[in-house]
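See structure below.
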Amino acid sequence: MANKIIYLDNAATTLVNPEVLDSYNKTKTQYFANPSSIHISGQESSRLLSKAREQILSLLNVNDDELIFTSGATEANNLAIKGYALRYQNRGKHLITTVIEHPSVLEAFKQLEDNFGFEVTYLPINKNGAIDINDLKNAIRKDTILVSIMAVNNEIGSINNINEISNLLNDYPLIAFHSDVTQGIGKINLPYEKMDMFSFSGHKIHGLNSSGALIKRKKIELLPLISGGGQENNFRSGTNDVALAVSLAKAMRLSISSLDHNFAKIKQFSEVLLTYLKENPSLYEINSFDNPYIVNFSSLTKKASVVVESLSTRGIMVSSVSACHAKKEPISYVIKALGKSDELAHNTIRVSFSSDNNIEDVNALIFNLKNINKELV
Ligand code: PMP
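With the numbering used here, letter number 138 in the sequence shown gets 425, and the count goes up by one each step, no holes.
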């Protein structure tokens, strides 16, 4: 295997920022007391926890909302969807989501359908990989209580129009709007104040694994999924990891403060790659959209798994289908939802950038893709 790793799988996870790790280590050693303890050390931990909470809300311009620290987006999505649906099921048992959500959303809805008698409408996507607002409008019923639509898709990078969705849902005050913003936060500007609830993870923005949050309007109640000592305002029991919370605030501050700079830098990378792919239409079909962070394409002449493996032995890490469900049937339901064939959906390659990358990484990827094309039969 090559000595230097070129990591182009940043939608799966990112390398932790040393500053984030440093803030984690310092907090973990200096403020290790349980924030629920009443002694002075506990109070200091509690103060830091509150500060991290306030910083994150303020960074996202949602100071009046409530933040629940979770182990990441998977837990936050589950809490938002199941917690809301079960809490408000007396108002109606119809829910709306999309066919291209992350499994942590889709499986939560499936559980509500299979075990709790809810009905779920799964909105299709249009040729741009986003929902059509008329489809959402037509899906709304008298008994609809929750709409969950992701901001940015993790496989094809398509972006939903959150403003448009929120404006429509304003006419339905009893329907809550949740969005999984995991692939958008710290990368593209999103109108967080327009969402009733949103979920994300720290490790997609150079933070630590198992850090994340659900942010929601204060008035929204949820049935807690984890019962216990009543931490996180009773919504998520268990002793808080103050250092993890502080590290999340740090990762968010760093990514949000350099959002425009990083976006412009990464746009150059994706343009170089897209130019190469477009110059070779007999070899590749592009599946992704106007989001530089994720370039997804199908290999037309070779098995994607072979290309990904071959790149990997050359030190270049990209993914096929999605790391989140890569062990299941290797057919992308997201590419299928775009109306593409099984063949194309089976052969997807996802390249996802971060601010850690540089143009040499992209050139190396293209150089190796060319070589693989020449070498493999
Ligand atoms: N939603 C989206 C869109 C994601 O990309 C991911 C991570 N692949 C998740 C949710 C789940 O995040 P985590 O595994 O950190 O809980």
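Glycine residues also receive a C-beta, built at the ideal position from the N, C-alpha and C atoms.
- Here R334 is exposed: its Cβ has fewer than 16 other Cβ atoms, across all protein chains shown, within 10 Å.
- Within 10 angstroms of the beta-carbon of R340 lie 16 or more other beta-carbons, which makes it buried.
- A direct Cα-to-Cα measurement between N644 and S332 gives close to 36 Å.
- DSSP links L410 through a beta bridge to T385.
- Here L509 has L366, G370, Y371, R374 and F522 as same chain residues with Cβ atoms under 7 Å from its own Cβ, once five neighbours each way along the sequence are excluded.
- As a beta-bridge residue in DSSP terms, H465 pairs with S435 and M484.
- Remark: the shortest separation between the CB of G602 and any heavy atom of the ligand PMP does not fall under 7 Å.
- Between I659 and the set A591, T314, Q376 and L346, the nearest pair of CA atoms involves A591.
- A check of alpha carbon separations from N655 across H381, N413, I355 and V594 identifies V594 as the nearest.
- Below 8 Å, too few C-beta pairs join the region 448-461 and the region 314-326 to call them touching: fewer than three.
- Beta-carbon to beta-carbon, N364 and A395 are separated by about 6 Å, close enough to satisfy the 8 Å threshold.
- Look at the beta carbons and you see the region 505-519 not touching the region 465-481: under three pairs across the two are nearer than 8 Å.
- Cβ contact annotation for P411 (same chain, cutoff 7 Å, sequence separation greater than five): V386, D422 and A624, in chain order.
- Per DSSP, reduced to three states, the secondary structure at I443 is coil, with no helix or strand assignment.
- Across the structure, S607 and S337 are spaced so that their CA atoms are roughly 40 Å apart.
- For N583, there is no enclosing alpha helix (DSSP H); the enclosing beta strand (DSSP E) has its first and last residue at I581 to S586.
- Secondary structure note for V638: its beta strand (DSSP E) is the uninterrupted segment T635 to S639.
- Note that the C-beta distance between L541 and H490 is not below 8 Å.
- The alpha-carbon separation between F640 and P579 amounts to approximately 8 Å.
- Contact between N447 and M437 holds, since their C-beta atoms are separated by about 7 Å, short of 8 Å.
- Residue pairing by DSSP places R504 opposite D352 in a beta bridge.
- Our two residues, D351 and I653, have alpha carbons roughly 47 Å apart in a direct line.
- Under DSSP, G499 takes part in a beta bridge, and its partners are T357 and S488.
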